[in-house]
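Enquirer: Residue numbers (my numbering): 1423 to 2185.
First the structure, which I've put down as C-alpha cells, then a few questions once you've had a look.
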C-alpha cells in the first residue's frame, strides 16, 4: 500500500521554486502548464484525484471525489510567463475563469463549488464565488510557499469535507452512533471512577454548574430519554450524565482545534490528528501519552498558545483510561481526519461560531431553556455591535462579560480584520491588538472552552504572525458579577469557594499585578515538593511583599501541596488565575452581550447571599409596591447591566445588552428602571452616570430558537443622565414564520418592519 503524501510534510517552498525555475525556461502557456504538471501530477495521483486537460484553452480541470467535499472542481487557467503583470491581461484572464465557472456550473447557486486558479508561472490568483458575489484580487500574488500551500489545500479540499456545523452534527451529533457510544462509555467510567481527581473534578464542576444556571436534577431528566439510557440503566445519575456529555463535547473541540492550530501556526509538527492515529496504532498507551501532553496544554504551548486548556474540568477521562475510551477517541480522530482544516481560510463563511450549533443539539432545547441557556443568533449579535457603534477599530476595547460560546467575540474579530484590510494594518500588530482588546468572561467551564476554541479559529489565519513569546486567549472562567473579597486581620484578600474548601490570595498580590507570576511559582514549588520553610524563603526573596502576604501565600501553598499528595491538584492555581481576572482586566470602550436570563431566587443560597449586597448597592431592590428582595422574581440580567456599566465600562464608553423586555414594566424592575434613569449614588456627592441612548423592542421577533422570551436590546452610555422621551425602535415580523437562525442582519431588516417610537416614564 502506497504511503499518502501528507500536506503538512510537503515542502511548499521547494515546489514554488521548481515552478518558477521551469517558468523561466517556458515561452508560452502550454509550457507553463507542462511545468505545473511535472510538479503537481505525482501529488494528485497519490491523492487519487482525477484531472483532465483542455489543450485549446491551456486549462487543467481537477475534479472532486465526493459530493460533500469542500470543493467539487478546481480549475487552473494557464497564461504565458509573466503575462499577468499586465493589468489589462490580468482582468481579461479573470473574466475567462469566471465565464468558464459559469458555463460549467450553469446555475449561479453552484458557482461556490468551483475554485478558480490563474497563473503564469511567476504569479497566481484565486477566484471564488462567495455570498452572492465574485471574490477576486485586484492584482496577482507571487508564487511562493504560502500561495502554493493554498492551492494544495484547495485541491485536498476535493476529497475532504468542509468544517461546517451541519456536517459535524451529522457525524458527531446526538443522532450519531459515535456520540451515544462515547457518552455511554464516559458515563459508565464516571459511575465506576477510581481516581480521587475524577471525583474532585466532578464535584467542583457541579458546584460551578449550579451557579451558572437555574439548575436542579429535575431539569436534566430529559437527557435520559434523549440518549435512550433507559435501555441500559434502570436508574441514571443525570448530573454525571451531563458531565459525560460536556466531556464528550470538549474532547471533540480539543481535537479539532488542535488540528486547525497545527495547520495555521506554521509549525513543523504536522497533522496532530494523524499523529494521534499513528500513536493509537502503535498501542493504546502511546495514544494516552499524546493525549496527556495535549490536555496539559503541551501541543498548544509548542504552537505559542499558552492557556487554551487551563482550568479545565474535562480531562478526567485520562485518569480513567481504558480500552473502550481509547477505541472511541480513535473513532473520533478517524472521522475528524475526513475534514479539511483549511476551510477556515478557503471558505471562512462556513465556519461561524462552529461549536455553538453542535452544543445546541447535544443538549435538548427544552433542557437548555430550563437552565436559562439561550444562544444568540449571529444577526442579533451583529445588531448589538451596530447599535453600540463598534466599527472594528483594533485600538478600542471590547468585553463580553457573559460570553457563552463566543458569538460576540468572534464577530468583533471579524470586524477588526475587515477594518485592518481597509487601513493596511500589519498582521503582527493586528493579532497583538486583538488579544489585548477583545476579551470575554463566563462562569460555565464548557462555554469558556468553546469560546476559546472559536476565538482561536477566528484568529487562525493570523496565528503565523503571533508574537515570539506566544499569546494568551483572553477568555476567563470567572464570575463577572461577584468576586469573593473580604477584610481580615491581616488586610484585604480575595477568595474562591470550591468543593475542596476556600482558596485565598492577599490583595497586595493583585494590586502589584503579580498574580500570574506568583501562581506559576507556586506550581513550580509543588512540582519540586518544597517544604513550607523553603517556599516562604523563596517567595520572600523574589517578591517585595509584606509579611502578612507572604504568610497567606505560604498557607495557600501548603494547602495546594496537600491536595497534590491526595491526587486532587492540577487545576486550582489555574482556577485562581481565572477567577480573579475580572479585578485585573481594566475597563472597556464597549461592553456587549446576552447575559443569562435566570431568576435570582432560583440560584443556590450561597450565591444569592454573595450577590445580595450588590442588588442593594445599585438600588435594584426597590419595587413599585415595597416588596423586598426575594419576594418578587428578579432577573439576573438587571444586575449584569448595573455591574457591567460600573465595573467594566470606561467613562463615555458604551454598554449594549440583550435583556428581558419585562424589566421595563414589572414591579421587580422598579429599582432597575430608576438605575437606568438616574444611575446610582456611590456616596452622598458622587453619582455614577448612566445615559440610555436607545431601546429596541424585539418582542415579536422571538429571536431565540424555540423560545418565546420577550426580548429587548438596551444601549447605554456611561455619561450624563438619561433624557426623555427616550428613542425606541419597535421591530415587527409580519410573517407567521420565525426568523431563520442563520439569516444575515440585512435580510432580517428587509423581512421585518421597524417603527420609531419613544419611551416616557409614568412612575
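Cβ atoms here follow ideal geometry from the backbone N, Cα and C, with glycine treated the same way.
Being a predicted model, the structure only gives us computed values, none of them experimental.
#1: Ignore the nearest five residues each way along the sequence and tell me which others in residue 2026's own chain have a CB closer than 6 Å to its CB.
#2: Indicate whether the contact test is met: 3 or more Cβ pairs, each with one atom in the segment 2027–2035 and one in the segment 1826–1844, closer than 8 Å.
#3: Inspect the CB distances between the segment 2066–2073 and the segment 2131–2145 and report whether three or more fall short of 8 Å.
#4: Should residue 1927 and residue 1937 be called a contact, given that it needs their Cβ atoms to be closer than 8 Å?
#5: Give me the residue from 1855, 1832, 1850, 1801 with the minimum Cα distance to residue 1817.
#6: Output needed for residue 1975: all residues of its chain with C-beta closer than 6 Å, excluding positions within five of it in sequence on either side, in chain order.
#7: For the segment 1610–1657, which segments carrying the alpha helix (DSSP H) assignment without a break, of at least 4 residues, lie completely within its bounds, in sequence order?
#8: Determine the burial state of residue 1613: buried for a count of at least 16 other Cβ atoms within 10 Å of its Cβ, exposed for fewer.
#9: Return the Cβ separation of residue 2174 and residue 2153 in integer angstroms, given the expectation that the two are a contact with Cβ distance under 8 Å.
#10: Give me, in chain order, the residues of the same chain whose beta-carbon lies closer than 6 Å to that of residue 2062; leave out the 5 immediate sequence neighbours on both sides.
#11: Helix, strand or coil for residue 1945? Go by DSSP, reduced to three states.
#12: Take residue 1438 and list the residues in its own chain whose beta-carbon comes closer than 8 Å to its own, dropping the five residues that flank it on each side.
#13: Apart from the five residues just before and just after residue 1919, which ones in its own chain have a Cβ nearer than 6 Å to its Cβ?
#14: For residue 1885, which option in 1684, 2041, 1656 has the closest C-alpha, if you only look at C-alpha atoms?
#15: For the segment 1650–1666 against the segment 1595–1613, do three or more pairs of beta-carbon atoms, one drawn from each stretch, fall closer than 8 Å, so that the two count as touching?
#16: Give me the Cα-Cα distance between residue 1935 and residue 1712, rounded to the nearest whole angstrom.
#17: Short of 7 Å in beta carbon distance, which residues of its chain neighbour residue 1954, apart from the five on each side in sequence? Order them along the chain.
#18: Please confirm if the segment 1720–1732 is in contact with the segment 1660–1669, defined as three or more CB-CB distances below 8 Å between the two stretches.
#19: Judging by CA-CA distance, which residue of 1522, 1554, 1679, 1559 is the nearest neighbour of residue 1513?
#20: Across which residues does DSSP place residue 1851 in a beta bridge pair?
#21: Check whether the segment 1581–1591 and the segment 1615–1630 are in contact - that is, three or more C-beta pairs closer than 8 Å.
#22: Could you check the C-alpha separation between residue 1687 and residue 1859 for me, to the nearest Å?
#23: Would DSSP call residue 1478 helix, strand or coil?
#24: Less than 8 Å between C-beta atoms, sequence neighbours within five positions excluded: which residues of the same chain meet that for residue 1892?
#25: On the CB-based measure, 16 or more other CB atoms within 10 Å of its CB, does residue 1990 come out buried or exposed?
#26: Quick check: what's the CA-CA separation for residue 2052 versus residue 2083?
#27: Smallest Cα separation from residue 1599: which of 1692, 1750, 1736?
#28: Nearest CA to the CA of residue 1984: which residue from 1901, 2111, 1925?
#29: With 16 as the cutoff for other CB atoms within 10 Å, does residue 1788 come out buried or exposed?
#30: Starting from the Cα of residue 1620, find the closest Cα among 2113, 2101, 1506, 1993 and give me that residue.
#31: Would residue 1516 pass as an interface residue toward chain D - the criterion being a Cβ-Cβ separation below 8 Å?
#32: Among residues of its own chain, excluding the 5 on either side of residue 1874, which ones have a beta-carbon nearer than 6 Å to its beta-carbon?
#33: Could you pull the start and end residues of the beta strand (DSSP E) that residue 2056 belongs to?
#34: Please go through the segment 1506–1547 and give each complete beta strand (DSSP E) segment of 3 or more residues, from N-terminal end onward.
#35: Between the Cα of residue 1579 and the Cα atoms of 1760, 1519, 1426, which residue gives the shortest distance?
#36: Alpha carbon to alpha carbon, how far is residue 1732 from residue 2114?
Expert: Walking through what the data contain:
#1: 1632
#2: no
#3: yes
#4: yes
#5: 1855
#6: 1961
#7: 1618–1634, 1644–1648
#8: exposed
#9: 5 Å
#10: 2017
#11: helix
#12: 1565, 1566, 1567, 1569, 1570
#13: none
#14: 1684
#15: yes
#16: 34 Å
#17: 1976, 1980
#18: no
#19: 1559
#20: DSSP output for residue 1851 lists no bridge partner at all.
#21: no
#22: 21 Å
#23: The predicted model places residue 1478 with a pLDDT of 49, which falls under 50 and marks its position as unreliable, so this point remains unresolved.
#24: 1723, 1726, 1727, 1728
#25: buried
#26: Per-residue confidence for residue 2052 stands at a pLDDT of 48, beneath the threshold of 50, marking its modelled position as unreliable; the derived number appears in the next sentence. Taking the straight line from one Cα to the other gives about 20 Å.
#27: 1750
#28: 1925
#29: exposed
#30: 1993
#31: Of the protein chains in this structure there is only one, and it is not chain D.
#32: 1730, 1895, 1897
#33: That residue, residue 2056, is in no beta strand (DSSP E); it is neither H nor E in DSSP.
#34: 1536–1541
#35: 1760
#36: 38 Å
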